[in-house]
Amino acid sequence: MKIKIAVFGRKELVERALVYTEGQDDVEIVPFIYTDAKETADLIEKAVMCDIYLFVGALPFMYAREKIIKKRLPTVQVAFDEYMLLTSFYRLRNMHNRLVDRVSIDVPERNRVSEVSTELAMHDHHIYTYSYGDQVQFDINQIVAFHEQLWQQGKIDYVLTSMEEVEQQLTACDVTAYCMKVPKVNIANAINQAKVKATLNQTKSTQICAGFVRPKQETEEKTAKTQSDDLQQILSAFGSQTHSAVLENGDRFALIGTRELLNYLTNHYRDFPLLREIEQKLRMPVDIGFGLGLTVKQAEDNALLALETCQSTEGSACYLINDRQETIGPLGVEKHVDTSQLYRALIHKAKLNNELSYNFIDFIKLRNNEPFSANDIAKYYRVTKRSAERTIYKLLSGEVIKVVGEEKPYQKGRPRKLFKITI
Numbered sequence: 000m001k002i003k004i005a006v007f008g009r010k011e012l013v014e015r016a017l018v019y020t021e022g023q024d025d026v027e028i029v030p031f032i033y034t035d036a037k038e039t040a041d042l043i044e045k046a047v048m049c050d051i052y053l054f055v056g057a058l059p060f061m062y063a064r065e066k067i068i069k070k071r072l073p074t075v076q077v078a079f080d081e082y083m084l085l086t087s088f089y090r091l092r093n094m095h096n097r098l099v100d101r102v103s104i105d106v107p108e109r110n111r112v113s114e115v116s117t118e119l120a121m122h123d124h125h126i127y128t129y130s131y132g133d134q135v136q137f138d139i140n141q142i143v144a145f146h147e148q149l150w151q152q153g154k155i156d157y158v159l160t161s162m163e164e165v166e167q168q169l170t171a172c173d174v175t176a177y178c179m180k181v182p183k184v185n186i187a188n189a190i191n192q193a194k195v196k197a198t199l200n201q202t203k204s205t206q207i208c209a210g211f212v213r214p215k216q217e218t219e220e221k222t223a224k225t226q227s228d229d230l231q232q233i234l235s236a237f238g239s240q241t242h243s244a245v246l247e248n249g250d251r252f253a254l255i256g257t258r259e260l261l262n263y264l265t266n267h268y269r270d271f272p273l274l275r276e277i278e279q280k281l282r283m284p285v286d287i288g289f290g291l292g293l294t295v296k297q298a299e300d301n302a303l304l305a306l307e308t309c310q311s312t313e314g315s316a317c318y319l320i321n322d323r324q325e326t327i328g329p330l331g332v333e334k335h336v337d338t339s340q341l342y343r344a345l346i347h348k349a350k351l352n353n354e355l356s357y358n359f360i361d362f363i364k365l366r367n368n369e370p371f372s373a374n375d376i377a378k379y380y381r382v383t384k385r386s387a388e389r390t391i392y393k394l395l396s397g398e399v400i401k402v403v404g405e406e407k408p409y410q411k412g413r414p415r416k417l418f419k420i421t422i
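Structure (structure tokens):
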């Protein structure tokens, strides 16, 4: 399986990344070129089918950092390290005839400059460093102002910046500035790091699905024993159907499963047969909570939270809480979908044809308007995953759907993005 790397940066740097990966059959570069670095935060939304996000410039990462943290996106940055500084110093001396003295520098990490200065015994040189990597609220104007003030005070002869945009603004103010060049080895190392990181993500543990089933009302001991036997019989049959383990746990039963159990849940959002079967057999309301996680403990904790959510209803209820603690449900209760409004959005915004639009509406109704993946689309339409991804791109571009999370139902393979309609 190819690893898809979303590469964000200026055209020249992204094209270099494309050149370095030519002939590598295990990786596919998906370029995201901006004209203004502020666009990066929006470009991220278009890279949802990629395994990892690679930033070949410092500025695009800084503008996208808040969204990266919020969405927990796997990212790699081209290193602004000692090697980049050394090669920049070399160019200044040999191409521009500049001594590394009376200079101001901006970098993500201040210690990089200190380490190079110490290694080259530049203790008597006047080097002013601006470090922006830890800034909570990033503002490029603060960096420009830092350099410009030193220039106006006569403390520096030129500026060495890590951002082309800073160089452009300073040059416009008649401040002598040079932008660091990203060495080939730094880009190559970042691509290799992205491949390794994506591969590790693909080999994480399989997603565990746990469930707890509990009658909503207490009964007499004799009746409770009969109910417990009936419930165990139903759950044993269900466990065989979904390849799940069934365990008695005090006043409730526990289910532990993986792919088959998860598939059952996602295929029965609107009509949840297990809930109805138990309710009819026991002749009383029942609570069922399911949880997802990469460990049994995480899945059980989420299942307990889902079970607590059921207490807010008087009748039978079933909820699912995924590994990001997002609540899905109640399962088995049909949700209203404004099909007329959705149809108009599919035709006019996503530019789907009539047949695809009607099929997608049926698909959303079948899944009870719960989150879905490109793989779910592929199965429903009976098309290839690539064809399903093209449909997803159209829906995202038309803002008919949005990303709401991800799932990892297999031990191998990248996590699947989950989407939900915005109508």
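Counting in numbering that gives the first Met the number 0, the sequence shown tops out at residue 422, every number present. Backbone N, C-alpha and C fix where the C-beta goes; we use that ideal spot for every residue, glycine too. What you are looking at is a predicted structure, and each value in this text was computed from that prediction instead of being measured.
Residue range of the unbroken beta strand (DSSP E) whose run includes residue i
i    : result
L254 : 251-256
F289 : 285-292
N248 : 244-248
P214 : 207-214
K416 : 415-420
Y52  : 51-54
I43  : Careful: I43 lies outside any beta strand (DSSP E) and carries neither H nor E.
Y62  : Unbroken run through Y62 is the alpha helix (DSSP H), 57-70; no beta strand (DSSP E).
Residue i versus residue j: straight-line alpha-carbon distance, rounded
i    : j    : result
F145 : Y129 : 8 angstroms
N140 : D80  : 23 angstroms
S356 : F271 : 26 angstroms
H124 : E38  : 38 angstroms
Y392 : K45  : 8 angstroms
N191 : V13  : 15 angstroms
S204 : P329 : Reliability fails at S204, whose pLDDT of 45 lies under 50, so the model's placement of it is uncertain and the value that follows must be treated cautiously. Going from the Cα of S204 to the Cα of P329 covers about 28 angstroms.
T202 : Y177 : Bear in mind that a pLDDT of 47 at T202, under 50, signals an unreliable position, so the model cannot answer this.
A302 : E164 : 49 angstroms
P414 : E405 : 6 angstroms
L84  : L395 : 40 angstroms
S87  : T160 : 10 angstroms
K180 : R381 : 48 angstroms
E369 : S235 : 27 angstroms
I4   : R90  : 31 angstroms
T225 : M283 : 13 angstroms
A298 : L304 : 10 angstroms
P182 : R15  : 10 angstroms
E114 : Y157 : 21 angstroms
Residue i vs residue j beta-carbon contact at 8 angstroms
i    : j    : result
V6   : L53  : yes
K350 : V399 : no
T257 : C208 : yes
E147 : V174 : yes
T198 : I2   : yes
F211 : L306 : yes
K215 : D138 : no
L291 : Q206 : yes
S243 : L261 : no
L274 : S315 : yes
I327 : E276 : no
L42  : F31  : yes
V77  : I186 : yes
R109 : G56  : no
L281 : L230 : yes
Own chain partners of residue i with C-beta closer than 7 angstroms, once the 5 adjacent residues on each side are dropped
i    : result
D337 : I422
L345 : L351, S356, F359, V399
E20  : The question names Glu, yet the displayed sequence has Thr at residue 20. Closer than 7 angstroms at Cβ, skipping near neighbours: V26, I28, I190.
Own chain, CB closer than 8 angstroms to residue i, minus 5 neighbours either side, in chain order
i    : result
V184 : Y82
I126 : V99, D100, V102, S103, I104, V112, S116
E423 : Beyond the ends of the chain as shown, which are 0 and 422, falls residue 423; an answer cannot be given.
Residue i - containing alpha helix (DSSP H), residue span
i    : result
C172 : Note, C172: premise wrong, no alpha helix (DSSP H); not H, not E.
K154 : Careful: K154 lies outside any alpha helix (DSSP H) and carries neither H nor E.
C309 : 295-309
D375 : 373-380
T20  : Taken as a continuous stretch (DSSP letters only), T20 belongs to no alpha helix (DSSP H), as it is neither H nor E.
I277 : 272-281
6 angstroms Cβ shell around residue i - same chain, five flanking residues per side excluded
i    : result
F362 : Y379
W150 : V174
K416 : V47, V402, E405
R97  : L91
G397 : K348, A349
A432 : Nothing in the structure corresponds to residue 432, since the chain is present only between 0 and 422.
L246 : A253
Buried versus exposed call for residue i [16 or more other C-beta atoms within 10 Å across all chains shown]
i    : result
M162 : buried
R251 : buried
Y263 : buried
Q134 : exposed
E313 : exposed
V295 : exposed
L319 : buried
K194 : buried
A120 : exposed
V18  : exposed
Residue i at chain B interface by Cβ criterion, 8 angstroms
i   : result
M61 : Annotation note: the requested chain B is absent from the structure, which comprises a single protein chain.
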